[in-house]
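Protein chains in written order, with the working numbering: chain A, 3 to 336; chain B, 2 to 303.
All C-beta atoms in this analysis are idealised placements derived from N, C-alpha and C, irrespective of residue type, glycine included.
Remember, it's a predicted structure, so these values are computed and weren't measured experimentally.
What follows is a single structure, written as structure tokens, with notes after it.
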Amino acid sequence: MTVAIDRATGRRSGDRAPRPGRMQRLKHSYQKYWYAYAMIAPVVVVLGGLVLYPLVRGFYLTFTDANSLNSARTIGVNHIDATYKFIGLDNYKDILWGPTSYDRFWSHFIWTIAWTVICVALHYCVGLGLALLLNQKLRGRTFYRLILVLPWAVPTFVTVFGWRFMLADGGIIDSMLHAVHLPSPAWLEDTFWQRFAAIMVNTWCGVPFMMVSLLGGLQSIDATLYEAAEMDGANKWQQFRFVTLPGLRSVSSTVVLLGIIWTFNQFAVIFLLFGSTAPDAQILVTWAYYLGFGQQPRDFAQSAAYGMLLLAILIVFTSFYRRWLNRNDQQLAI
Amino acid sequence: MSTTTLQTPPADQATRTDASPRPARGRGRRSLAGSLASHGILIVASLVALFPIAWLVFLSLGPGEDDYLHPGRIWHTMTFGNYSFVLQHTNFFEWMKSSLIVSLGTTVIGVMVAATTGYAVSRMRFPGYKKFMWVLLVTQMFPIAVLIVPMYQILSDLQLIDSYFGLILVYCSTAVPYSAWLLKGYFDTIPFEIDEAGRVDGLSPFGTFFRLILPLAKPGLAVAAFYNFITAFGEVAFASTFMLDDSKYTFAVGLQSFVSEHDAQRNLMAATAVLVAIPVSAFFYLVQKNLVTGLTAGGTKG
């Protein structure tokens, strides 16, 4: 499908004369590809300035002991120069196996993994279930669909506050539980219930995206496959297992990857639900933010180091995921 | 329905559909129980989806700050007072201005910068193509924690903290690569023959892009623009950190300020939330269908 634009003029690689010198090759490739490079230039410039430069600078910060007390800053008209110094890998060492590293890093790490797995699993299963229901010939299908998309349509920072009102002490959820004689847990105080509430809210926010994407996938499955399966005597479960699931495979692998990345990086839900009041319910992203901006003095170096670790985790995970997909002869749709 | 099911479903079918939340796709005639169960589950799910938002709307009508604890009171004292108070005595319009400037700025810059790139990676193969795509993919999954600290320092150096332009720049770091991906997906769906026709008729690659492809890609551009808008509008972390002056808050920050200040004005907060949510969701519903196609049907073939 994707053919080089100058395929009409392009010589096949076999016809080429002996390999030209380096300069000549550069010149040749410049002549041949200059417009491609000119077209990607704006993005390259923007990424270089807005992503690469901060990334390098942040990477350097992780090797220093920068915090808000020794960084360069301007107070009124006085400018104070930065006085932080280079301390090598100490930040990483301290985070990964320094004293109390379990409380500071590993407990958050484990919780982040659990959070990601549980949330994405719930998103996917609930989303798939609803998509299957919506894919039937059903009266009022469009209406259901419109309502079910609502959590996605309303901005997260609005809905999370709605949930906060509901989960507050004596709020509507407590009253409901009370009405059916169940004990009302301390949603926003006790660690377990904080985590439970966070997963609940995030699931509520994330299901519509999965549902809509999977519904799109379901609708693109050829109906004749089901007919054939029926003719061969497959029951509903077998049709689901051997027609629906394989048909959804490419959509699934994409939305699951997106879901994992988004959930792993989910900031708004936890930050807005708890602020900085719930140290144990913070996932790594919000915890890194807390280190850098939620406390005094702000610990820039450690926060940046957390950021680098997070990025490393994501990159390693994504490359394994892609390799695993490639081995199963699948392509990622993003 | 043209298909008649030759094989009648086994008797246990109906009961299984009852219990399972995902009855397999039924094309033939379904049993009454199965269809009732589907409706039941969908109604429950819709209620769950609707309730928190409906509750927010309901609370926004109550005049007292603690009405969220005593919802019963609201029925008797229902009023639009919160709304008029928010519109008249808070920074609502200032926040709206900030939100719109920042989101629209990100939208425009993001799409304009990304458009040619999306086309280039859709149609051309050049040395470094794979690496470039990989970079675009990786920048999309940057956790905010990676960039927020160095960005903060850089923007302080440039005196751009607490300025709209600074925030737009920050948002562009994610909006640009994402738009490039989305647009590549859309350009891939435009037949290559159109390019060829343009080339044969003597257009340069840039001419082909600007005069032939760009007009055809308007829906794709709209989806990318909309996506940028929604992301920038709802972003919390950077906006909370970089905007210090409460007249420059975006909505995402402004809403928090109702509670974190001296007292918790939850009724006003709920009213503001509703006022923000209505236009954004309306807008969302208009373009929602295209958005999903754009997000998942990118397709990296070859």
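Cα-Cα separation, residue i to residue j
{"i": "Ser61 of chain B", "j": "Ala272 of chain B", "result": "5 Å"}
{"i": "Tyr120 of chain B", "j": "Leu184 of chain B", "result": "7 Å"}
{"i": "Leu313 of chain A", "j": "Met142 of chain B", "result": "8 Å"}
{"i": "Trp117 of chain A", "j": "Phe319 of chain A", "result": "16 Å"}
{"i": "Lys95 of chain A", "j": "Ile112 of chain A", "result": "18 Å"}
{"i": "Ala218 of chain B", "j": "Glu194 of chain B", "result": "15 Å"}
{"i": "Ile339 of chain A", "j": "Ala199 of chain A", "result": "Here chain A has residues from 3 to 336 only, and residue 339 of chain A is not among them."}
{"i": "Lys249 of chain B", "j": "Tyr165 of chain B", "result": "8 Å"}
{"i": "Leu71 of chain A", "j": "Val162 of chain A", "result": "34 Å"}
{"i": "Tyr323 of chain A", "j": "Phe88 of chain A", "result": "36 Å"}
{"i": "Pro157 of chain A", "j": "Val58 of chain B", "result": "14 Å"}
{"i": "Leu68 of chain A", "j": "Arg300 of chain A", "result": "Before going further, note that residue 68 of chain A is Ala rather than Leu in the sequence given. Answer to the nearest angstrom: the Cα atoms are 9 Å apart."}
{"i": "Leu217 of chain A", "j": "Val281 of chain B", "result": "23 Å"}
{"i": "Gly255 of chain B", "j": "Leu222 of chain B", "result": "30 Å"}
{"i": "Gln257 of chain B", "j": "Trp239 of chain A", "result": "48 Å"}
{"i": "Ser174 of chain B", "j": "Leu49 of chain A", "result": "7 Å"}
{"i": "Ile169 of chain B", "j": "Glu95 of chain B", "result": "17 Å"}
{"i": "Ile315 of chain A", "j": "Gly65 of chain B", "result": "47 Å"}
{"i": "Asn80 of chain A", "j": "Ser73 of chain A", "result": "14 Å"}
{"i": "Ser39 of chain B", "j": "Val136 of chain B", "result": "44 Å"}
{"i": "Ile317 of chain A", "j": "Pro144 of chain B", "result": "11 Å"}
{"i": "Thr114 of chain A", "j": "Arg27 of chain A", "result": "49 Å"}
{"i": "Thr209 of chain B", "j": "Tyr104 of chain A", "result": "58 Å"}
{"i": "His30 of chain A", "j": "Lys132 of chain B", "result": "21 Å"}
{"i": "Ile174 of chain A", "j": "Ile191 of chain B", "result": "51 Å"}
{"i": "Gly249 of chain A", "j": "Ile155 of chain B", "result": "48 Å"}
{"i": "Asp246 of chain B", "j": "Arg75 of chain A", "result": "18 Å"}
{"i": "Tyr146 of chain A", "j": "Ser123 of chain B", "result": "37 Å"}
{"i": "Ile201 of chain A", "j": "Ala188 of chain A", "result": "15 Å"}
{"i": "Leu347 of chain A", "j": "Leu311 of chain A", "result": "The structure shown has nothing for residue 347 of chain A, since chain A only spans 3 to 336."}
{"i": "Val237 of chain B", "j": "Gly235 of chain A", "result": "53 Å"}
{"i": "Phe86 of chain B", "j": "Phe284 of chain B", "result": "25 Å"}
Neighbour flag for residue i against chain D, beta carbons, 8 Å
{"i": "Gly41 of chain B", "result": "Going by chain labels, chain D is absent from the structure shown, which instead holds the protein chains A and B."}
Beta-ladder partner(s) of residue i, from DSSP
{"i": "Phe88 of chain A", "result": "A:Thr66"}
{"i": "Asn80 of chain A", "result": "A:Ile77"}
Proximity test, Cβ basis, 8 Å: residue i and chain A
{"i": "Thr107 of chain B", "result": "no"}
{"i": "Pro64 of chain B", "result": "no"}
{"i": "Tyr179 of chain B", "result": "no"}
{"i": "Met244 of chain B", "result": "no"}
{"i": "Thr140 of chain B", "result": "yes"}
{"i": "Pro280 of chain B", "result": "no"}
{"i": "Arg23 of chain B", "result": "Because Arg23 of chain B carries a pLDDT of 48, less than 50, the predicted location of this residue cannot be relied on, and the following value inherits that uncertainty. Yes, Arg23 of chain B lies at the interface with chain A (some Cβ there is under 8 Å from its Cβ)."}
{"i": "Tyr286 of chain B", "result": "yes"}
{"i": "Val45 of chain B", "result": "no"}
{"i": "Pro144 of chain B", "result": "yes"}
{"i": "Ala198 of chain B", "result": "no"}
{"i": "Arg74 of chain B", "result": "no"}
{"i": "Tyr187 of chain B", "result": "no"}
{"i": "Ser174 of chain B", "result": "yes"}
CB contact check: residue i to chain B, cutoff 8 Å
{"i": "Leu52 of chain A", "result": "yes"}
{"i": "His30 of chain A", "result": "no"}
{"i": "Val27 of chain A", "result": "The identity of residue 27 of chain A in the sequence shown is Arg, whereas the question assumes Val. Chain B contact via Cβ: absent."}
{"i": "Leu132 of chain A", "result": "yes"}
{"i": "Arg59 of chain A", "result": "yes"}
{"i": "Ile42 of chain A", "result": "yes"}
{"i": "Phe111 of chain A", "result": "no"}
{"i": "Ile82 of chain A", "result": "no"}
{"i": "Pro56 of chain A", "result": "yes"}
Exercise. Is it true that the stretch 111 to 118 of chain B meets the stretch 171 to 189 of chain B, where meeting means three or more beta-carbon pairs spaced less than 8 Å apart?
Worked result: Taking 8 Å as the limit for Cβ pairs, the verdict is that the stretch 171 to 189 of chain B does touch the stretch 111 to 118 of chain B.
For this session: Count the C-beta pairs between the stretch 72 to 87 of chain B and the stretch 147 to 155 of chain B that are closer than 8 Å, then say yes if the count reaches three, no if not.
Result: no
For this session: Using a Cβ-Cβ cut-off of less than 7 Å, give me the residues of the stretch 151 to 172 of chain A that come near chain B, in sequence order.
Result: Val151, Leu152, Pro153, Ala155, Val156, Pro157, Thr158, Phe159, Val160, Thr161, Phe163, Gly164, Trp165, Phe167, Met168, Ala170, Gly172
Problem set entry | Three CB pairs or more closer than 8 Å across the stretch 196 to 205 of chain B and the stretch 70 to 78 of chain B | Judged by Cβ distances under 8 Å, the stretch 196 to 205 of chain B makes no contact with the stretch 70 to 78 of chain B, as fewer than three pairs qualify.
Problem set entry | Segment contact flag, the stretch 254 to 261 of chain A with the stretch 228 to 243 of chain A, C-beta cutoff 8 Å, min 3 pairs | no
Exercise. For the stretch 292 to 299 of chain A against the stretch 50 to 62 of chain A, are there 3 or more C-beta pairs whose distance is under 8 Å?
Worked result: By the Cβ criterion, the stretch 292 to 299 of chain A is not in contact with the stretch 50 to 62 of chain A, since fewer than three pairs of Cβ atoms, one from each stretch, lie closer than 8 Å.
Exercise. Taking contact to mean at least 3 C-beta pairs separated by less than 8 Å, is the stretch 273 to 291 of chain A in contact with the stretch 30 to 45 of chain A?
Worked result: They do not touch, by the three-pair rule.
For this session: Note down, in chain order, all residues in the stretch 79 to 109 of chain B with a beta-carbon under 7 Å from any beta-carbon belonging to chain A.
Result: Of all residues in the stretch 79 to 109 of chain B, none has a Cβ within less than 7 Å of some Cβ in chain A.
Exercise. With a cut-off of 8 Å, do at least 3 Cβ pairs link the stretch 231 to 247 of chain B to the stretch 95 to 111 of chain B?
Worked result: yes
For this session: With 9 Å as the limit, tell me which residues of the stretch 202 to 215 of chain B have their beta carbon closer than that to any beta carbon of chain A; keep them in chain order.
Result: Ser205, Pro206, Phe207, Thr209, Phe210
Problem set entry | Members of the stretch 275 to 308 of chain A near chain B, C-beta cut-off 7 Å | Val287, Ala290, Tyr291, Gly294, Phe295, Phe302, Ser305, Ala306, Tyr308
Exercise. Between the stretch 224 to 239 of chain B and chain A, which residues of the former have a C-beta closer than 7 Å to a C-beta of the latter?
Worked result: Phe234, Gly235, Val237, Ala238
Problem set entry | Under 7 Å (Cβ pairs) to chain B, residues found in the stretch 246 to 275 of chain A | Thr246, Val253, Thr256, Val257, Ile263, Asn267, Phe269, Ala270, Phe273, Leu274
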